[in-house]
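Asks: Pasting in a structure now, in structure tokens, and then I'll have a few things to ask.
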Amino acid sequence: MPDLQNDLILITCASGKQSAALIPHILKSYKNIRLQCNSSTSAKSLSEKYPGTEVVQADLFNAADCTRILKDVATCWLVLPPFHPHETTLGTTFIDACLAQQASNGPFTHLVYSSVIHPILQKLLNHDCKRYVEEYLIESGLNYTILQPTHMMEMLPLAKLLQDEKPVHLCNWNPATKFSFVTTRDIGEAAAKILEQREKHVAATYQLVSTAAPLNYIEACEIVSKVIGKEVKAEKKGFEDAVNTSIKMINGGKEPPKAMKEIGSRMFLYYNERGLIGNNNVLGWLLGRETTGYEEWVKMRVEEIKSGRN
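In terms of the numbering used here, the sequence shown opens at residue 246 and continues consecutively.
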């Protein structure tokens, strides 16, 4: 059984959207928490925000760093850097470090890996690389749980739309393409339950979807319009502009490598035609409540933004 008083939990990519939604839940249960980040700026921010935790700066592409941050860790929430050209290697390197810690009589018992919905989609390079990580994890012998979140509601720049007098959401793909959405609120809550009840979820793979029915960004913007009381339009951004601006932002504002741009290009082309569709039954079961609908999420985020939270 998990020992929440003594077990050390490691949360990777602690400054990212998913981990940020998980940490408040973990703070309520675990006493020993280690947060990993890649930059000194993130380390400083995390230390200030979560003073009772241990913050470590580490490169997940570096095997020695993985070994170092896994010292004395009993369980880990693994999120890998998005659109990384070597994401599969990052994942397998980290799994090897978990195995080595376990083999040396370390306390490691369980890895919860946040993958992506439909990793079998080979046309999507950012999905396909996670398929190999999943396979490596399943065959590793570690106790694991795999989560597969879909397209996140938080991708919509709601704060900007609230601020603009005539708001327009510039989509990186066809705004009429349907998606199933998930909110990090639901991801964080579900992940926390899994980390607190680890044995119950060994060898499970869970699709994480919040919206009961798919919707496109035209419909999403209509919901936002209804909530904020002003019309929000959805328009398609030019392809080159979409790739360059989005991937540069993901790369911390720096010019991204060619391989990273290619990953984004393939994703935007796929999203333009097909979107991502899944089912919210499993997430509802995990949460023990109704999953968060799109309108409910918009109302909550608007309240948070107006009150100065996040």
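Glycine included, each C-beta is placed from N, C-alpha and C at the ideal position.
Who are the Cβ neighbours of residue 537 in its own chain at under 7 Å, not counting the five residues just before and after it?
Replies: Along the sequence shown, read from residue 1 onward, the residue named residue 537 stands at position 292. Within its own chain, the residues whose Cβ lies closer than 7 Å to the Cβ of residue 537, once the five positions on either side in sequence are excluded, are 428, 430, 431 and 455, listed in chain order.
Asks: Pick from 265, 271, 370 and 355: whose alpha carbon is nearest that of residue 387?
Replies: Along the sequence shown, one-based indexing puts residue 387 at 142. Looking at the Cα atoms, 355 is the closest of the given residues.
Asks: Taking just the CA atoms, how far does residue 317 sit from residue 324?
Replies: Here residue 324 corresponds to residue number 79 of the sequence shown, with the count starting at 1. Here residue 317 corresponds to residue number 72 of the sequence shown, with the count starting at 1. Computed Cα separation, rounded: 19 Å.
Asks: Any chance you could list the beta strand (DSSP E) runs of at least 3 consecutive residues sitting entirely within the segment 332 to 409, in chain order?
Replies: 355 to 359 and 389 to 394
Asks: Going by the CB atoms, is the gap between residue 392 and residue 359 shorter than 7 Å?
Replies: On the sequence shown, residue 359 is found 114 positions in, with the first residue counted as 1. On the sequence shown, residue 392 is found 147 positions in, with the first residue counted as 1. A contact, by the Cβ cut-off of 7 Å.
Asks: Residue 291 and residue 259: beta carbons closer than 7 Å?
Replies: Working through the sequence shown from its first residue, we reach residue 291 at position 46. Working through the sequence shown from its first residue, we reach residue 259 at position 14. In contact: residue 291 and residue 259 (Cβ atoms closer than 7 Å).
Asks: Sort out for me which residues DSSP pairs residue 277 with in a bridge.
Replies: Within the sequence shown, numbered from 1, the residue matching residue 277 stands at position 32. Per DSSP, 253.
Asks: Throw me the rounded Cβ distance for the residue 246 and residue 444 pair, which I believe falls under 8 Å.
Replies: Stepping through the sequence shown from its first residue, residue 246 is reached at position 1. Stepping through the sequence shown from its first residue, residue 444 is reached at position 199. So it is a contact: roughly 7 Å between Cβ atoms.
Asks: Do you know whose CA, among 380, 453 and 369, lies nearest residue 327's CA?
Replies: As a working mapping, residue 327 is identified with position 82 in the sequence shown. Of the candidates 380, 453 and 369, the one whose C-alpha sits nearest the C-alpha of residue 327 is 369.
Asks: Could you tell me which uninterrupted alpha helix (DSSP H) segments, each at least 4 residues in length, are contained entirely in the segment 488 to 525, listed from first to last along the chain?
Replies: Segments of the alpha helix (DSSP H) lying fully in the segment 488 to 525: 503 to 518.
Asks: Compare the Cα-Cα distances from residue 480 to each of 448, 548, 499 and 517 and report the closest residue.
Replies: Within the sequence shown, numbered from 1, the residue matching residue 480 stands at position 235. It is 517 whose Cα lies nearest to the Cα of residue 480.
Asks: Please give me, in chain order, every unbroken run of the alpha helix (DSSP H) with length at least 4 that falls completely inside the segment 418 to 491.
Replies: 429 to 441 and 462 to 473
Asks: With distances taken Cα to Cα, identify the nearest neighbour of residue 401 among 301, 542 and 256.
Replies: Start at 1 with the first residue of the sequence shown, and residue 401 comes out as number 156. For residue 401, the nearest C-alpha among the options comes from 542.
Asks: Is DSSP giving residue 323 helix, strand or coil here?
Replies: Reading the sequence shown from its first residue, position 78 is the one you call residue 323. In this structure, residue 323 counts as strand in the three-state DSSP scheme.
Asks: Which of the three DSSP states, helix, strand or coil, is assigned to residue 315?
Replies: Counted from its first residue, the sequence shown places residue 315 at position 70. Three-state DSSP puts residue 315 in coil, outside helix and strand.
Asks: Using three-state DSSP, classify residue 531 as helix, strand or coil.
Replies: As a position in the sequence shown, residue 531 is number 286, starting the count at 1. It is helical.
Asks: Go ahead and label residue 320 buried or exposed: buried means 16 or more other beta carbons lie within 10 angstroms of its beta carbon, across all protein chains shown.
Replies: For the purposes of this step, residue 320 is taken as residue 75 along the sequence shown, with counting starting at 1. So residue 320 ends up on the buried side.
Asks: In angstroms with no decimal places, state the Cα-to-Cα distance between residue 305 and residue 357.
Replies: What you label residue 305 is simply residue 60 of the sequence shown in a count that begins at 1. What you label residue 357 is simply residue 112 of the sequence shown in a count that begins at 1. Their Cα atoms are separated by approximately 16 Å.
Asks: Helix, strand or coil: how does DSSP classify residue 305 here?
Replies: Residue 305 sits at position 60 when you count from the first residue of the sequence shown. Three-state result, residue 305: coil.
Asks: Check whether the segment 330 to 338 and the segment 372 to 389 are in contact - that is, three or more C-beta pairs closer than 8 Å.
Replies: yes
Asks: Would you identify the three-state DSSP class for residue 270, choosing helix, strand or coil?
Replies: Position 25 of the sequence shown, counting from 1, holds the residue named residue 270. Correct three-state label for residue 270: helix.
Asks: Suppose you measure from the CA of residue 436 to the CA of residue 371; what does that come to, to the nearest Å?
Replies: As a first step, residue 436 is located in the sequence shown; it is residue number 191 there, counting from the start. As a first step, residue 371 is located in the sequence shown; it is residue number 126 there, counting from the start. The straight-line gap from Cα to Cα measures roughly 21 Å.
Asks: Using 8 Å as the threshold, is the segment 410 to 424 in touch with the segment 461 to 475, meaning 3 or more CB pairs across them?
Replies: Using a C-beta cut-off of 8 Å, the segment 410 to 424 makes contact with the segment 461 to 475, since at least three inter-stretch Cβ pairs fall below that distance.
Asks: Any heavy atom of the ligand FMN inside 6 Å of the beta-carbon of residue 463?
Replies: Among the components of this structure there are no ligands whatsoever, and the ligand FMN is therefore not found.
Asks: Measure from the alpha carbon of residue 457 to the alpha carbon of each residue in 363, 474, 522 and 251, then state which is nearest.
Replies: Translated into the one-based positions of the sequence shown, residue 457 becomes position 212. Checking every option, the nearest Cα to that of residue 457 belongs to 522.
Asks: Please state if the CB of residue 466 and the CB of residue 414 are separated by a distance shorter than 7 Å.
Replies: Position 169 of the sequence shown holds residue 414. Position 221 of the sequence shown holds residue 466. Taking 7 Å as the Cβ cut-off, residue 414 and residue 466 qualify as a contacting pair.
Asks: If I follow the unbroken alpha helix (DSSP H) through residue 544, where does it start and stop?
Replies: On the sequence shown, residue 544 is found 299 positions in, with the first residue counted as 1. That run of the alpha helix (DSSP H) goes 539 to 551.
Asks: Please go through the same chain and pick out, in chain order, the residues whose beta-carbon is closer than 8 Å to the beta-carbon of residue 583, but skip the five residues on each side of it.
Replies: The question about residue 583 has no answer, for the chain in this structure spans 246 to 555.
Asks: Using C-beta distances below 6 Å, list every residue in its chain close to residue 500, excluding the 5 sequence neighbours before and after it, in chain order.
Replies: In the sequence shown, counting from the first residue as 1, residue 500 sits at position 255. Hits under 6 Å: none found.
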